[in-house]
Amino acid sequence: AQSVTQLDSHVSVSEGTPVLLRCNYSSSYSPSLFWYVQHPNKGLQLLLKYTSAATLVKGINGFEAEFKKSETSFHLTKPSAHMSDAAEYFCVVSRSSGSARQLTFGSGTQLTVLP
Amino acid sequence: DAGITQSPRHKVTETGTPVTLRCHQTENHRYMYWYRQDPGHGLRLIHYSYGVKDTDKGEVSDGYSVSRSKTEDFLLTLESATSSQTSVYFCAISGTGQGNQPQHFGDGTRLSIL
Chain R
286 AQSVTQLDSH
296 VSVSEGTPVL
306 LRCNYSSSYS
316 PSLFWYVQHP
326 NKGLQLLLKY
336 TSAATLVKGI
346 NGFEAEFKKS
356 ETSFHLTKPS
366 AHMSDAAEYF
376 CVVSRSSGSA
386 RQLTFGSGTQ
396 LTVLP
Chain F
431 DAGITQSPRH
441 KVTETGTPVT
451 LRCHQTENHR
461 YMYWYRQDPG
471 HGLRLIHYSY
481 GVKDTDKGEV
491 SDGYSVSRSK
501 TEDFLLTLES
511 ATSSQTSVYF
521 CAISGTGQGN
531 QPQHFGDGTR
541 LSIL
């Protein structure tokens, strides 16, 4: 069994300040973890993925996430927010050795970037 | 961007009518998926396909059927649409069916059932 909880449904930051989007997961198996971003009227775009290699994962557009097994967390961060980062972000967990049909999506975090 | 085209992008129809959504890919990927996205639920898997004529049910398959007669096309059909099927539908593809591989998504179809 697996589940994912995005701890904030909405996050608001000022342009140029750090971004933190929180994700906790539960998995009975070795997990793979993903962050996706969704801009309005668009599909989900992969930001980064963790698949049991390095625990600090770097993604596109300056985002990174750290896998912390002891805390069952995979929080997404960015040092300095840009207006174009405003979007909805989804944390996704799956079983590394399982099937892709077993992806579990979080309910999403809406990021607002204020000028 | 992965070559995924969903059609139509928007559709409004009435309860009880049949509806077919199309997903077309140019990546020659074996695996294709249909999801629905509803507020507060993230994405939920409806059906998926692991090859031509090979499909299986997902988490929320009731009221939906699928077909895949060619590698590039995956159709989702609502035989008799209901208001509870008002949603945004996304198609996704992946080269393998393994859980550690990311999926690539189309831009979605916004379906309203009145």
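In the order they appear, the protein sequences are chains R and F. Take the first sequence: its letters are residues 286 to 400, numbered as in this note's numbering. Take the second sequence: its letters are residues 431 to 544, numbered as in this note's numbering. Here a beta-carbon is modelled for each residue, glycine too, at the ideal position from N, C-alpha and C.
Would a C-beta distance cut-off of 7 Å place residue i and residue j closer than the cut-off?
i       : j       : result
H477(F) : V496(F) : yes
V398(R) : A371(R) : yes
A286(R) : S313(R) : yes
Q387(R) : G529(F) : yes
V378(R) : L318(R) : yes
T539(F) : Q436(F) : yes
L451(F) : Y519(F) : yes
H363(R) : F352(R) : According to the sequence as given, residue 363(R) is Lys; it is not His. Not a contact, by the Cβ cut-off of 7 Å.
A522(F) : F535(F) : yes
R460(F) : G481(F) : yes
Y374(R) : T357(R) : no
I345(R) : L332(R) : yes
E457(F) : G488(F) : no
Could you pull the DSSP bridge partners for residue i from this structure?
i       : result
T290(R) : N309(R)
F359(R) : F352(R)
G481(F) : D484(F)
H295(R) : Q395(R)
P316(R) : R380(R)
D503(F) : H454(F), K500(F)
What does residue i reach in chain F if we use C-beta pairs closer than 8 Å?
i       : result
G391(R) : G472
T336(R) : N530
Q387(R) : G529
K343(R) : By Cβ distance, chain F contributes nothing, its closest Cβ being about 15 Å from K343(R), past 8 Å.
Determine the burial state of residue i: buried for a count of at least 16 other Cβ atoms within 10 Å of its Cβ, exposed for fewer.
i       : result
H440(F) : exposed
P400(R) : exposed
I543(F) : buried
L341(R) : exposed
E444(F) : exposed
P532(F) : buried
M462(F) : buried
T526(F) : exposed
V442(F) : exposed
P316(R) : buried
So with CB distances below 7 Å, who are the chain F contacts of residue i?
i       : result
S317(R) : G529, N530
G328(R) : F520, F535, G536, D537, G538
R380(R) : G529
Against residue i, what residues of chain A qualify as contacts under a CB-to-CB distance less than 7 Å, listed in chain order?
i       : result
L331(R) : Going by chain labels, chain A is absent from the structure shown, which instead holds the protein chains R and F.
Checklist entry - Which of the residues in the stretch 516 to 540 of chain F, read from start to end, lie with their CB under 7 Å from any CB of chain R? => result Answer set for the stretch 516 to 540 of chain F: F520, S524, G527, Q528, G529, N530, Q531, P532, Q533, F535, G536, D537, G538.
Item to check | Contact list for the stretch 348 to 368 of chain R against chain F, Cβ threshold 8 Å | outcome: Per Cβ criterion, the list is empty.
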